[in-house]
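Listed in order, the protein sequences are those of chains Z and D. Here the first sequence stands for residues 1 to 162, numbered as in this note's numbering. Here the second sequence stands for residues 163 to 324, numbered as in this note's numbering. Built from N, CA and C at the ideal position, the CB exists for glycine as well. Right, one structure below, let's go through it.
There are 2 protein chains.
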Amino acid sequence: MTVSHRVEPQIVTTLDGAIAVLRSRGLRLSSTRRLMLEALLAAEGPVSAERVASRLNLDAASVHRNLETLERHGLVRHVHLGHGPGLYALLAGGEREYLYCDGCGAARAVPTKELDPLRRRIRERYGFEARFDHFPIVGLCSACAAAGGEERGRELAGPAAG
Amino acid sequence: MTVSHRVEPQIVTTLDGAIAVLRSRGLRLSSTRRLMLEALLAAEGPVSAERVASRLNLDAASVHRNLETLERHGLVRHVHLGHGPGLYALLAGGEREYLYCDGCGAARAVPTKELDPLRRRIRERYGFEARFDHFPIVGLCSACAAAGGEERGRELAGPAAG
DNA sequence: GCGCTGTTGCAAGCGGATTGCAGCTAGGCG
DNA sequence: CGCCTAGCTGCAATCCGCTTGCAACAGCGC
Chain Z
1 MTVSHRVEPQ
11 IVTTLDGAIA
21 VLRSRGLRLS
31 STRRLMLEAL
41 LAAEGPVSAE
51 RVASRLNLDA
61 ASVHRNLETL
71 ERHGLVRHVH
81 LGHGPGLYAL
91 LAGGEREYLY
101 CDGCGAARAV
111 PTKELDPLRR
121 RIRERYGFEA
131 RFDHFPIVGL
141 CSACAAAGGE
151 ERGRELAGPA
161 AG
Chain D
163 MTVSHRVEPQ
173 IVTTLDGAIA
183 VLRSRGLRLS
193 STRRLMLEAL
203 LAAEGPVSAE
213 RVASRLNLDA
223 ASVHRNLETL
233 ERHGLVRHVH
243 LGHGPGLYAL
253 LAGGEREYLY
263 CDGCGAARAV
273 PTKELDPLRR
283 RIRERYGFEA
293 RFDHFPIVGL
303 CSACAAAGGE
313 ERGRELAGPA
323 AG
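What follows is the structure, given as structure tokens:
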């Protein structure tokens with residue numbers, strides 16, 4: 001969770017690719033690490049450390065430490081969608097930013113450069129360099145907004161969370 | 163912390179104003195409540211429940227409950243600036259949205275309507291209704307961005323946090 | 001003043017994350 | 001192929017922010 005800002009991203013899409021990065025960084029490939037990488041590669045979206053740990057029957061502390069290590073080495077990034085736990089994902093699909101619906105918990109991932117115009121606008125107006133990868137744009141998706149933001153609908157289209 | 167979305171805002175700038183709202187809602191004015199309202203009126207920016215509790219020598223649970231009550235009745239709003247605790251403020255100055263610098267922890271508050279063009283743009287592009295009052299726009303202020311986002315400088319210009 | 005009910009403080013508990021530590025193992029080296 | 005050690009692991013304890021259960025207390029309408 002406490003990874004210093006801006007780490008050189010390592011885009012990997014295969015286990016071998018990830019292992020190669022580990023090796024090149026002098027990190028070991030423990031069985032725990034291998035399992036985690038496989039799980040992250042197979043994951044649909046960002047997942048919580050807790051979910052990874054329980055699915056793979058691993059110790060939560062180790063999973064947290066590993067995710068932090070992977071993040072420090074640019075293989076993984078985590079995002080805070082609403083109030084829940086941090087959610088981790090490989091950088092397999094390149095860098096992403098998120099729109100998070102506070103109503104239904106759905107997260108929409110978009111390539112970083114897609115929000116560049118928005119970012120530029122904020123920079124021009126406020127001299128502020130916005131990033132939506134670690135903390136997303138939060139609000140209501142069209143469906144929830146239409147529903148008046150009253151019906152939560154947490155049951156449907158649930159969060160990508162863990 | 164768990165206040166259902168969109169409560170009719172109650173803009174009050176004086177203790178009497180706040181008390182009037184309480185009364186009209188059938189809420190009591192306990193000494194704890196009075197102290198909290200005074201503290202919130204005197205506060206420069208959003209403050210954490212913990213800070214309120216320790217400053218006033220009150221029980222943290224009570225402070226949390228009270229802040230939630232006040233928020234449920236539209237007198238107070240809370241915002242999540244980065245990783246820390248939720249920060250609470252009266253709606254005295256009207257509704258606000260925030261830009262939070264992940265580098266130095268500084269929060270810039272702007273009137274809600276100032277970000278309406280941005281919001282419109284996001285709505286047009288994504289059919290998404292963004293709000294930056296509960297979860298702010300996060301990134302780097304110009305100073306921190308210029309510093310390469312490396313020097314944290316948490317010591318200076320510290321967070322409005324508690 | 002009396003009593004009803006909202007509110008309070010304390011203590012316990014919960015979810016998410018971090019830390020200390022002793023033991024294990026990956027993998028470089030001989 | 002086996003040794004050695006630094007990196008890693010699981011466990012247990014701890015922390016932080018927040019919530020909940022509960023018995024006692026105190027606003028405030030009468």
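Looking at the DSSP output, Z:C101 shares a beta bridge with Z:G139. Sixteen is the threshold: since fewer than 16 other Cβ atoms of the shown chains lie within 10 Å of the Cβ of Z:A60, the residue is exposed. Counting C-beta pairs with one atom in each stretch, the stretch 227-238 of chain D and the stretch 260-272 of chain D have fewer than three that are closer than 8 Å, which means they do not touch. Put simply, the backbone Cα of Z:V79 is about 42 Å away from that of D:D178.
Residue pairing for D:Y250: DSSP places it in a beta bridge opposite D:V209 and D:H240. Identification of residues in the stretch 127-151 of chain Z having a C-beta nearer than 7 Å to some C-beta of chain D yields G127, F128, E129, A130, R131, H134, F135, I137, V138, G139, L140, C141, S142, A145 and G149, given in sequence order. Between D:P171 and D:R239, the gap from beta carbon to beta carbon is short of 9 Å. Between D:G246 and chain Z, the shortest Cβ-Cβ separation is not below 9 Å. A check of alpha carbon separations from D:R234 across D:V214, D:A201, D:L184 and D:L191 identifies D:L184 as the nearest. Neighbours of Z:L118 across chain D, judged by C-beta separation under 9 Å: L280, R283, I284 and R287. Contact annotation for D:L229 against chain Z: no contact, minimum CB-CB distance about 16 Å [criterion: below 8 Å].
By DSSP's assignment, Z:R108 forms a beta bridge with Z:L99.
With a contact defined as Cβ atoms closer than 8 Å, Z:L56 and Z:A42 miss out at about 11 Å. Against D:L261, the close residues of chain Z are I122, Y126, F128 and A130, in the order they occur along the chain (beta-carbon pairs closer than 9 Å).
For Z:R96, the nearest beta carbon of chain D is not closer than 9 Å to its own beta carbon. DSSP places D:G256 outside any alpha helix (DSSP H), giving it a letter other than H or E. Between the alpha carbons of Z:A107 and Z:L140 lies a gap of roughly 10 Å.
In this structure, D:A271 and D:Y260 form a Cβ contact; the two beta carbons are roughly 6 Å apart against a cut-off of 8 Å. With a contact defined as Cβ atoms closer than 8 Å, Z:V63 and Z:M36 qualify at about 7 Å. Excluding the 5 residues flanking it on each side, D:L191 has same chain C-beta neighbours closer than 8 Å at I181, L184 and R185, in chain order. Proximity of D:H242 to chain Z, defined by a Cβ-Cβ separation below 9 Å, is satisfied.
Sequence-distant partners of Z:V52 (beyond 5 residues in either direction) whose C-beta falls short of 8 Å from its own C-beta, in its chain, are M36, A39, L40, L58, V63, L67, Y88 and G162.
For Z:R77, the nearest beta carbon of chain D is not closer than 9 Å to its own beta carbon.
Nearest to D:H245 by alpha-carbon distance, out of D:K275, D:S210, D:R258 and D:A292, is D:S210. One alpha carbon belongs to Z:R119, the other to Z:K113, and they sit about 9 Å apart.
Straight across, the Cα-Cα distance linking D:T176 with D:V169 is about 20 Å. Across the set D:R196, D:C306 and D:P208, the C-alpha of D:C306 shows the shortest separation from the C-alpha of Z:R123. Using beta-carbon distances, Z:D16 does not count as an interface residue toward chain D, since no partner is under 9 Å. Nearest neighbour of Z:A146 by Cα position, chosen from D:G289, D:H296, D:A308 and D:P208, turns out to be D:G289.
For D:D221, no CB of chain Z lies under 9 Å from its own CB, so it is not counted at the interface with that chain.
Excluding residues up to 5 positions away in sequence, E97, Y98, L99 and L115 lie with their Cβ nearer than 8 Å to the Cβ of Z:F132 in the same chain.
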